[in-house]
Amino acid sequence: MTQSEPLPTESAPSEQSASSAHGLTTGAVARRLGVAPTTLRSWDRRYGIGPAAREDGRHRRWTPEDLAVLHEMCRLTSSGIPPAEAARAALAGPASAEAAPPAAPGPLPPPGRRPGSGNGLRLGAVRQECRGLGRAAVRLDAWAVDDLLGSVIAQYGLVTAWEEVMAPTLHAVGRKWETSGDRYVEVEHLLSWHVSSALRRAAGPPPVVSRSAAPPVLLACVPGEQHTLALEALAAGLAEVGLSTLMFGAAVPPEALDQAVRRTGPAAVVLWSQGRSTASPALARHVADTAWGVKGARARPAVVPAGPGWAGQPLAPGTVRPGGLREALTLLRGLCDAAAGAGTGPGSGSGRPGVRDQS
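With the UniProt record's numbering, the residue at position 104 of the sequence shown is 104, and numbering never jumps.
Here is the structure:
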């Protein structure tokens, strides 16, 4: 089903016949665009983005021309342009957009000086794409969310898109939910699903041959941890540089993690913890002590505790906790290169420097 098709309800045929004769009602337009009816009324009242005709002088009826203006309004606000400015451009029509020369690709512009918001989200001084993503998510505009995520990744790269657009918007939605009772849960679920989908598209299929022939990087959330999006971003980033990964996702039981390490002989094991209640230094030490290989040249994985839950936790000497996605990618590339040079793996006869066990 495309965004422009009516929902398959019993009233759909009558809406179609009404649209052909009199135009669409505000409710029908809202369903088509994934926008709340109150948003359409607000745009009409504040910016004049409304139907050209009103049946009997009262009931709003939206024509195809009105819908074209609305589509442009949604597109512009989802790209981060403030609603008032977006309304002026949408009402001016495509001629004004064609007259302007296309912008050359380049780095993200600096964050705005004024605190921005996404329809009630407290975002602070952030990129305009972040504000646009917040607005689209609060409107439950799935098409705009998906389109914006894809364009940001394509234009600025995965790391910048995650650190400067996706993660700040997810945090803002989470804060809004926590401070609004049970409201905005649907916004968080919609945004999380589309972010996950965008990250998986960016990762693509697993590489047939690793760039360095290194053992894989094993990615797992610690037991009790359900937040996986940051780990999915790391998986996509590793795939982007040609490193193979094994993603085990949320709340991996200790026994399953132990078996996975012994069976695959990974170059590194990333243990993600979002909150202090799930971080387990004992589990990290156990994984770091898990060995494989022949006697006299057994190998052990490098353990990388990742996520805010590990802050302040007692970690083994020499353990590095990366501060963000970019730092984690640099660290793991180095570990994979070292593993490839040492030829480690379950069945190889040598261990990596620093993790070789002579027992």
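For glycine and all other residues, C-beta sits at the position ideal for the given N, C-alpha and C. Just so we're clear, the structure is a prediction, and the values are computed from it rather than from any experiment.
{"Asked": "Would you call the region 273-287 and the region 295-315 in contact, with 3 or more CB pairs under 8 Å?", "Found": "yes"}
{"Asked": "Please work out which residues of its chain come closer than 8 Å, Cβ to Cβ, to Ala256, disregarding the five sequence neighbours upstream and downstream, and give them in chain order.", "Found": "Phe248"}
{"Asked": "Out of curiosity, what's the CA-to-CA distance linking Gly340 and Ala161?", "Found": "Per the sequence shown, residue 340 should be read as Ala rather than Gly. Their backbone Cα atoms lie some 30 Å apart in a straight line."}
{"Asked": "Rounding to the nearest angstrom, what Cα-Cα distance links Glu163 and Lys295 in this structure?", "Found": "44 Å"}
{"Asked": "What are the complete beta strand (DSSP E) segments, minimum 3 residues, inside the region 161-246?", "Found": "217-221"}
{"Asked": "Nearest by alpha-carbon distance to Trp193: which of Val159, Leu149 and Glu225 is it?", "Found": "Leu149"}
{"Asked": "For Ala306, write down the residues that DSSP places opposite it in a beta bridge.", "Found": "Trp272"}
{"Asked": "Apply the 10 Å Cβ neighbour rule to Glu186 and answer buried if 16 or more other Cβ atoms are within range, or exposed otherwise.", "Found": "exposed"}
{"Asked": "Tell me where the alpha helix (DSSP H) around Trp43 begins and ends.", "Found": "Pro37 to Tyr47"}
{"Asked": "What did DSSP end up calling Ala52 once you bin it into helix, strand or coil?", "Found": "coil"}
{"Asked": "Would you report the Cα separation of Leu170 and Arg61, rounded to the nearest angstrom?", "Found": "36 Å"}
{"Asked": "Can you tell me which of Ile81, Thr63 and Gly50 puts its alpha carbon nearest to the alpha carbon of Leu91?", "Found": "Gly50"}
{"Asked": "Kindly indicate which residue of Ala302, Val165 and Val222 has the alpha-carbon position closest to the one of Pro254.", "Found": "Val222"}
{"Asked": "So what does Trp62 bridge to, in DSSP terms?", "Found": "Leu24"}
{"Asked": "Using the rule of at least 16 other Cβ atoms within 10 Å of the residue's Cβ for burial, across every protein chain shown, is Ser280 buried or exposed?", "Found": "buried"}
{"Asked": "Excluding the 5 residues preceding and the 5 following Leu329 in the sequence, name in chain order all residues of the same chain whose CB lies nearer than 6 Å to its CB.", "Found": "Gly237"}
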